Amino acid sequence: MNHLENEHKFIVAGKAEPANITEGCGSLGMFLRKRLLRNGGNVALIDGVDSSELRYLELLELAVRLADALRRDAGLQAGDVVGIISENRLEFPVALFAAFFLGATVAPINLTYSEGEFEHAFYLSKPKIVFVSPFSAERVIKVARRNRDFVKRIFLFGGANPYGADIILYDELLSQTAAINPLTFPIAPTYMDEHVALIMCSSGTTGLPKGVQLTQRNVIASIPLLSELEASFDVPIVVLGVIPWFHAFGCLTLINVLSNQLKLVSLPKFEEGLFLSCIENYRCSFVFVVPPLMVFLAKHPLVDNYDLSSLNTLLCGAAPLSKETADSVKKRIGVKHVLQGYGMSETTLAMVVQTAKCNKPGSVGKLQFGTKAKVVDTETGKLLGPNHPGELCFKGTQIMKGYIGNEKATNETIDNEGWLHTGDIGYYDEDEDFYIIDRLKELIKYKGFQVPPAEIEAILLTNPKIKDAGVVGLPDEAAGELPLAFVVNQPNATLTEAEVQQYVAERTSPAKRLHGGVRFVSEIPKNVSGKILRRDLRAMLKRPHSKL
Numbered sequence: 018m019n020h021l022e023n024e025h026k027f028i029v030a031g032k033a034e035p036a037n038i039t040e041g042c043g044s045l046g047m048f049l050r051k052r053l054l055r056n057g058g059n060v061a062l063i064d065g066v067d068s069s070e071l072r073y074l075e076l077l078e079l080a081v082r083l084a085d086a087l088r089r090d091a092g093l094q095a096g097d098v099v100g101i102i103s104e105n106r107l108e109f110p111v112a113l114f115a116a117f118f119l120g121a122t123v124a125p126i127n128l129t130y131s132e133g134e135f136e137h138a139f140y141l142s143k144p145k146i147v148f149v150s151p152f153s154a155e156r157v158i159k160v161a162r163r164n165r166d167f168v169k170r171i172f173l174f175g176g177a178n179p180y181g182a183d184i185i186l187y188d189e190l191l192s193q194t195a196a197i198n199p200l201t202f203p204i205a206p207t208y209m210d211e212h213v214a215l216i217m218c219s220s221g222t223t224g225l226p227k228g229v230q231l232t233q234r235n236v237i238a239s240i241p242l243l244s245e246l247e248a249s250f251d252v253p254i255v256v257l258g259v260i261p262w263f264h265a266f267g268c269l270t271l272i273n274v275l276s277n278q279l280k281l282v283s284l285p286k287f288e289e290g291l292f293l294s295c296i297e298n299y300r301c302s303f304v305f306v307v308p309p310l311m312v313f314l315a316k317h318p319l320v321d322n323y324d325l326s327s328l329n330t331l332l333c334g335a336a337p338l339s340k341e342t343a344d345s346v347k348k349r350i351g352v353k354h355v356l357q358g359y360g361m362s363e364t365t366l367a368m369v370v371q372t373a374k375c376n377k378p379g380s381v382g383k384l385q386f387g388t389k390a391k392v393v394d395t396e397t398g399k400l401l402g403p404n405h406p407g408e409l410c411f412k413g414t415q416i417m418k419g420y421i422g423n424e425k426a427t428n429e430t431i432d433n434e435g436w437l438h439t440g441d442i443g444y445y446d447e448d449e450d451f452y453i454i455d456r457l458k459e460l461i462k463y464k465g466f467q468v469p470p471a472e473i474e475a476i477l478l479t480n481p482k483i484k485d486a487g488v489v490g491l492p493d494e495a496a497g498e499l500p501l502a503f504v505v506n507q508p509n510a511t512l513t514e515a516e517v518q519q520y521v522a523e524r525t526s527p528a529k530r531l532h533g534g535v536r537f538v539s540e541i542p543k544n545v546s547g548k549i550l551r552r553d554l555r556a557m558l559k560r561p562h563s564k565l
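Heads up, my numbering is the position in the sequence shown plus 17, with the first residue counted as 1.
Below you can see the structure in the form of structure tokens.
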């Protein structure tokens, strides 16, 4: 066997995509219309705060009416960009689907951004139309008005407009538009492999967010994910959605749920009691979660006050979840499946995901449809075989088109053979189940050893007195970096630095011990998807600290 043949055997392939995945549709808009029509009178969405509902046919009719109004009154057309800055609310998917029906590109933007961050997001996507909720309206409208060279219309969700005549209420726009037959509404075909459906802001954990361009083909390629998970259910699927829809994980799961004709209960943000009562009252069986939410389910005393017996599956993504936390949740609330997936904004949704039948402890599952993967030695670039950690690289129909307006960053991420280099360290085993170790750039270099912060964090979270934790490297002239932990104690719990260090030392090899010490803090800084903002932790290293 020659060198090339030997390397080729270390490329892992997922199952082939379902035949005719686009169902003969010429655009994402056509595909979504076809899917919404299938479920007609069934409930699509429930607002978990006020219990208002939207049925599939109502969602379709509203989206078509809005699309007609945007085309007629605002001149929106294929290729234009629509910004949506909002919490999870029923108007969000109406605006999202209306834009897709016109072939427009949607840029969901984090509603908690500062003015400066909104300015950057607008600079990336240059939206012609902006939808905004009252939560961030004041900041967004200021930025939009400063960018009138490309922002032509601003529409406000909600019932009141204190911002002036140039701001149009969403409800008013819809009220001025007559009902239209969704079957006859003209939806133009597109070249789906190139036509951008979404511009998602990357997580920005290492700097300013980049604009990730996801094509219509990327979006459709993600749809079978939930179809496969659904096949393993023996109970009705009622999904609870609390992940923000402006985040890639949230937005793509929203599209996925509605494309698979499921019922979705949505919440605008995570509130402990409301989250738990929605599971109890609506008998939710499937919840997309992030690791901080899993830690809440594992440790918070409030959880015991609610009936969560309807829960069948929790699917965790966006950041690493420890086996210990997953096991604690299963044991405490009796949920049948705690599954993990792995993906990033640049891969549309999950590249690998566990299922009810395939969920090895510690793994993140197997490759998705139409996807290939390889593991590369970070120093030599050589392909690695099973059980050898290296950088994970992916190729397939879910890989982004590129970063908008940033060819340099695109070329640094996607090589000339189409492989996306994730910057994550992981491996696959002899059964082609994948495992994530940590971010390549976040590994702590201690005396020549590479120490994964996530591994130490997982150990810390097994301590019942610890509510949350984050680990970084403390610069050291002799060792390079020393592992250091930031720790949040549980209410009324007391721990000393020495006790925390001893707890870790008893469970790790010498290189992974907390040689840099322990800092006690009130919270661990994270982004909306639950990823620890390690740059913020590194900045905190310069502050005075308590050892208790």
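The beta carbon of each residue, even a glycine, is placed where N, CA and C say it ideally should be.
Owing to the predicted nature of the structure, the values given are computational and were not obtained by experimental measurement.
(1) Within this structure, are the beta carbons of Gly547 and Ala336 separated by less than 7 Å?
(2) In terms of residue numbering, what span does the beta strand (DSSP E) encompassing Asn298 cover?
(3) If Thr201 and Arg82 are in contact, beta carbons under 8 Å, what's the gap, nearest whole angstrom?
(4) Quick check: the Cα distance between Gln230 and Asp97, rounded to an integer number of angstroms?
(5) Could you work out which residue in Arg456, Ala33, Leu141, Ile204 is closest to Met47 when comparing CA atoms only?
(6) Should the segment 159-168 be regarded as contacting the segment 140-149, the criterion being three or more beta carbon pairs within less than 8 Å?
(7) Just how far apart, CA to CA, sit Leu332 and Gly440?
(8) For Pro110, does the three-state DSSP call read helix, strand or coil?
(9) What separation, rounded to the nearest whole angstrom, lies between the Cα atoms of Met18 and Val393?
(10) Within its chain, find whatever has a CB closer than 7 Å to the CB of Val259; leave out the 5 residues flanking it on each side and keep chain order.
(11) For Ser10, is the classification buried or exposed, using 16 other Cβ atoms within 10 angstroms of its Cβ as the cut-off for buried?
(12) Less than 7 Å between the C-beta atoms of Ile442 and Leu457, yes or no?
(13) Does the Cβ-Cβ distance between Val505 and Lys484 come in under 7 Å?
(14) Can you tell me which of the three DSSP states Asn506 falls into?
(15) Using only CA atoms, which one of Lys159, His212, Phe537 lies nearest to Glu134?
(16) Checking 7 Å against the spacing of the C-beta atoms, do Leu87 and Leu93 come in under that value?
(17) Within 8 Å, do at least three Cβ pairs link the segment 34-49 to the segment 178-194?
(18) Can you tell me whether Pro527 is helix, strand or coil according to DSSP?
(19) Counting along the chain, where does the alpha helix (DSSP H) carrying Glu459 start and finish?
(20) Which two residues bound the contiguous beta strand (DSSP E) that contains Gly435?
(21) Touch check for the segment 447-455 and the segment 373-381: three-plus C-beta pairs under 8 Å?
(22) Check whether the segment 315-334 and the segment 348-356 touch, using three or more Cβ-Cβ pairs below 8 Å as the test.
(23) Could you tell me which uninterrupted beta strand (DSSP E) segments, each at least 3 residues in length, are contained entirely in the segment 354-441, listed from first to last along the chain?
(24) Residue range of the beta strand (DSSP E) that Pro125 falls in?
(25) Our contact map puts Ala61 next to Tyr73 with C-beta atoms below 8 Å; I'd like the distance itself, whole angstroms only.
(26) Put Pro35 into one of helix, strand or coil per three-state DSSP.
(27) For Gly360 and Ala182, what's the separation of their Cα atoms in angstroms?
(28) Just checking my contact of Val468 with Ala528 at CB under 8 Å: how many whole Å lie between their CB atoms?
(29) Taking C-beta to C-beta, are Pro206 and Gly435 nearer than 7 Å?
(30) Would you kindly check if the distance between the Cβ of Leu512 and the Cβ of Val521 is under 7 Å?
(31) Going by alpha carbons, who is nearest to Phe263 out of Leu325, Tyr463, Phe27, Ile101?
(32) Is Leu172 helix, strand or coil by DSSP?
(33) Who are Phe152's beta bridge partners in DSSP?
(34) Using only CA atoms, which one of Lys340, Leu246, Asp344, His317 lies nearest to Val304?
(35) Check each candidate in Arg89, Phe503, Asn198 and name the one with the smallest Cα separation from Leu54.
(36) Considering only residues of the same chain and omitting the five flanking positions on each side of Phe466, which have a CB-CB separation below 7 Å?
In terms of the structure at hand:
(1) yes
(2) Unbroken run through Asn298 is the alpha helix (DSSP H), 289-299; no beta strand (DSSP E).
(3) By a beta-carbon distance limit of 8 Å, Thr201 does not contact Arg82. Their separation comes to about 13 Å.
(4) In this model, Gln230 and Asp97 are separated by some 14 Å (Cα to Cα).
(5) Ile204
(6) yes
(7) 23 Å
(8) helix
(9) Interpretation of Met18 is limited by its pLDDT of 35, a score under 50 that renders its predicted location unreliable; no figure is taken from the coordinates.
(10) Leu284, Phe287, Phe292
(11) Summary: the structure shown does not reach residue 10, with the chain confined to residues 18 through 565, and so no result is reported for it.
(12) yes
(13) yes
(14) strand
(15) The candidate whose alpha carbon is nearest that of Glu134 is Lys159.
(16) Yes, the pair counts as a contact, with Cβ atoms nearer than the cut-off.
(17) no
(18) helix
(19) First-last for Glu459: undefined, no H or E at that position.
(20) Where Gly435 is concerned, there is no enclosing beta strand (DSSP E), given that its DSSP letter is neither H nor E.
(21) yes
(22) yes
(23) 354-360, 367-370, 388-393, 407-413
(24) For Pro125, the enclosing beta strand (DSSP E) has its first and last residue at 122-125.
(25) 5 Å
(26) coil
(27) 43 Å
(28) 6 Å
(29) no
(30) Cβ distance not < 7 Å, so Val521 and Leu512 don't count as in contact.
(31) For Phe263, the nearest C-alpha among the options comes from Ile101.
(32) It is Phe, not Leu, that sits at residue 172 in the sequence shown. Strand at Phe172.
(33) Within the DSSP bridge table, the entry for Phe152 names no partner.
(34) Leu246
(35) Asn198
(36) Ala528
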